[in-house]
Structures are given as structure tokens and as C-alpha cells.
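Novice: By numbering that gives the first Met the number 0, the letter at position 306 of the sequence shown is numbered 305, and the numbering carries on one by one without gaps.
For each residue, glycine too, the CB sits at the ideal point set by N, CA and C.
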Amino acid sequence: MKKIGVFTSGGDAPGMNACIRAVVRSATYHGIDVYGIRSGYQGMIEGDIAKLEPKDVANIIQYGGTILKTARSKEFMTLEGRKKAYEQLVKFEIDGLVCIGGDGTYTGAGIFFDEYGIPSIGAPGTIDNDLYGTDFTIGFDTAVNTALDAIDRIRDTADSHNRLFFIEVMGRDSGFIALNAGIAGGAEGILLPEIMSDYDDLIKHFNNKEKRRKEFSIIIVAEGEKEGNAFEISKKFQDNFSGYDVRVSVLGHIQRGGKPSANDRILASTLGNAAVEQLMAGKSNACVGVVNAEVVVTPFHEAIYKSKSINQTLWNLSKILSN
Ligand code: F6P
């Protein structure tokens, strides 16, 4: 392997830059040239590709976002688009890829490998933490801390006005951010897509007037909650409990940006290096992750089709502590 390409794809996540840096520096250390592919699969199709030297990735470890930009390419989902992408890789003589992103990114790399045999290793970059094959994804820790900072601020005003806040956090299909930010933020209720009875439990909890003596409250709602979004849920709640002064706050994309935490930088650096080592060892069609503090390699198809479960111990803890 002489030349590899690196790109970021899907939603950006804090720590992606640290991962790009690790790929470039590790590969260069082993005598491999690295090409940065801008805007994910779309840049691959368009040949938006340039060599990255170690100095090009200096002074980026502390920044959120991705210096390579990112995109969700519709064209790459077509046979014609992937053919164009392959032709560009041949032109630049790229013989291996490191793709940093979520399950959509892995799916694209897997199909590309099946069609053209280009070896790819994935590194998990998404704030949602919803990828099998790693305890944590790059960006999750930072996103939880960003949400937590906002929750703490909202708590001040909720307390002052004796209000009940529904705070919506990101997680299109998963409640990892909601559960962790909810526990760390001392939420009275947490609503997750993975738990079917959570809204009914919340109503039961508020009906239990003897037990419930709190004057103000924070309820965390994951974006993908099946009962509806935070506005819909707050409306339903008010139909049952008109006495509460309710407000809604949707944290949105602030959770995707900002300085990556130390944990995310270390995870991203470890996995960027591991991805290069796996390519060098002849591995492909798989992603790297950290499970129980060890680097592990998981085939793409497993990482895509197996789902990571919510930590039941943390969920039970949230129930005990919200009493
Ligand atoms: O990166 C994942 C995620 O943050 C989801 O939780 C969210 O639903 C989605 O991205 C929103 O992404 P975009 O605004 O880029 O479509």
C-alpha cells in the first residue's frame, strides 16, 4: 500500500479533525502517502482530492467540524456515481481508504469494496454513538458535554421561575446523548426512542403527587423519541397537567460543533492510527472501534446491521435518581 485516501462523510462530529490528523501522521510515519478527499463521497466523484502532508494537519486537533468538509452524496448511491469515484481513485493511484463517519458512510464503503475491491477501513465519527463495534463514537463525549452545559444553564432559569422544561437533544434514532446528558444533568425524566413505555412512566411519575415534591423540572427528550418531538410531547403533557408552567428548548446543531473534549481527541487519535495499521495489515471492509479500552475490528456488515443497546444499568439508575 503506497497511497491512501481519507475522507469524512455524513454529519460532522467534534474530533474528526483529530482523526484526520492521526491518519495523515501515522501513514506518513510508515512511508505511505495520504490524499485528503473533500466533501466525502461527492468529492471522490468530482476528484476534489489533494495530497496531505503532516504540516497540513498541524493546529487542527483542537477544532470541531472537519477540515475536509463533509456531505451526504446522493450521486454515490448510483452505479454511475460510484464508477466516476472509482475512476478518480485510479487517476490518483489511491489503493486504500480511511472513511470517518457513521453507518451511511460504512454502507457506501462496503458497496464500493464489493464493486471495485478498494480496501476501506472505517472510523466511527458521529455524535449519536449509535454504532455497533465501539463503546463510544468520536464526537459523542463532546456533544454530551455541550448538551450538559446548556441543561445546567436552563436549570438556573427553570429554578428561578419554578418551570418545567422539555429539552430536546440530538439523536435521530437513538437515545445515547439523551440518557447520558439526562443523568449528568439531573433530569427528572428522560425520553428515549429505545424505551417504549417512557412517556407513560413519566405521566405516572407526575401523577404520584405524594412522592413528587419538586418545584421545577428538567425532562430530556431524544430527537427520535417515538411519542413525538419536544413540542408535541409538552403539549400532550399540558393536556394532562395544566397547572405547570412549561417551556421547550431544542438544543439542535450546537451539539455538533465546538472544541472536541480530551476523550474525543484521544479516541479519534487512537482510531485514526488503528485504521492505518489495519489497512497496512491487509484488512478491509471493516471498522475500528474501542471496546473495554481495547482497539477492536468489526466487519462493516456487522457494524451496520447490529444495533448497540442502551446501557440498561444507566437507564435503571436514571429511574432511581429521578424519584
Ligand atoms: O450527526 C447525527 C445527527 O446529529 C442526528 O442526531 C440528527 O438527526 C442529524 O445528525 C441532523 O443532521 P443534519 O442536520 O445534518 O441533517
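#1: Less than 7 Å between the CB of isoleucine 126 and some heavy atom of ligand 1, yes or no?
#2: Can you grab the Cα-Cα spacing for the pair isoleucine 93 / isoleucine 126, in whole Å?
#3: Using DSSP's beta-bridge definition, name the partner residues of glycine 100.
#4: What residue range is occupied by the uninterrupted beta strand (DSSP E) comprising glycine 339?
#5: Any heavy atom of ligand 1 closer than 7 Å to the Cβ of methionine 0?
#6: Whole angstroms are fine: how far does the CA of glutamine 254 sit from the CA of glutamate 276?
#7: Excluding five sequence neighbours on each side, which residues of the same chain lie with their C-beta closer than 7 Å to the C-beta of alanine 108?
#8: Starting from the C-beta of valine 290, find all residues in its chain whose C-beta is less than 6 Å away, skip the five residues before and the five after it, and write them out in chain order.
#9: Using 8 Å as the Cβ pair cut-off and three pairs as the minimum, do the stretch 191-201 and the stretch 303-313 touch?
#10: Under 7 Å from any heavy atom of ligand 1, does the C-beta of glycine 121 make it?
#11: Which one or two residues does DSSP pair with cysteine 286 in a beta bridge?
#12: Across which residues does DSSP place isoleucine 73 in a beta bridge pair?
#13: Would you kindly check if the distance between the Cβ of tyrosine 28 and the Cβ of lysine 2 is under 8 Å?
#14: Return the first residue and the last residue of the alpha helix (DSSP H) that arginine 152 is part of.
#15: Would you mind reading off the limits of the beta strand (DSSP E) that contains alanine 49?
#16: So which of Met76, Asn16, Glu52 and Val89 has the shortest CA-CA distance to isoleucine 59?
#17: DSSP three-state label for phenylalanine 240, please.
#18: Once you ignore the five residues that flank serine 233 on each side, which residues in its own chain have a CB closer than 7 Å to its CB?
#19: Sorted by chain position, which residues of the same chain lie with C-beta nearer than 7 Å to methionine 76's C-beta, five sequence neighbours on each side aside?
#20: What are the boundary residues of the alpha helix (DSSP H) that includes tyrosine 34?
#21: For isoleucine 292, which of helix, strand or coil comes out of DSSP?
Specialist: Reading off the structure:
#1: yes
#2: 29 Å
#3: Pro123
#4: Any answer about residue 339 is impossible in this case: the structure gives the chain only from 0 up to 322.
#5: no
#6: 31 Å
#7: Leu96, Cys98, Ser119, Gly121 and Phe299
#8: Asp134
#9: yes
#10: no
#11: Gly121 and Thr297
#12: The question names isoleucine, but residue 73 is lysine in the sequence shown. Beta-bridge pairing links lysine 73 to no other residue.
#13: no
#14: 139-160
#15: 48-51
#16: Asn16
#17: coil
#18: Phe165, Val245 and Val247
#19: none
#20: Not the alpha helix (DSSP H): tyrosine 34 falls in the beta strand (DSSP E), residues 32-36.
#21: Note that residue 292 corresponds to alanine in the displayed sequence, not to isoleucine. In this structure, alanine 292 counts as coil in the three-state DSSP scheme.
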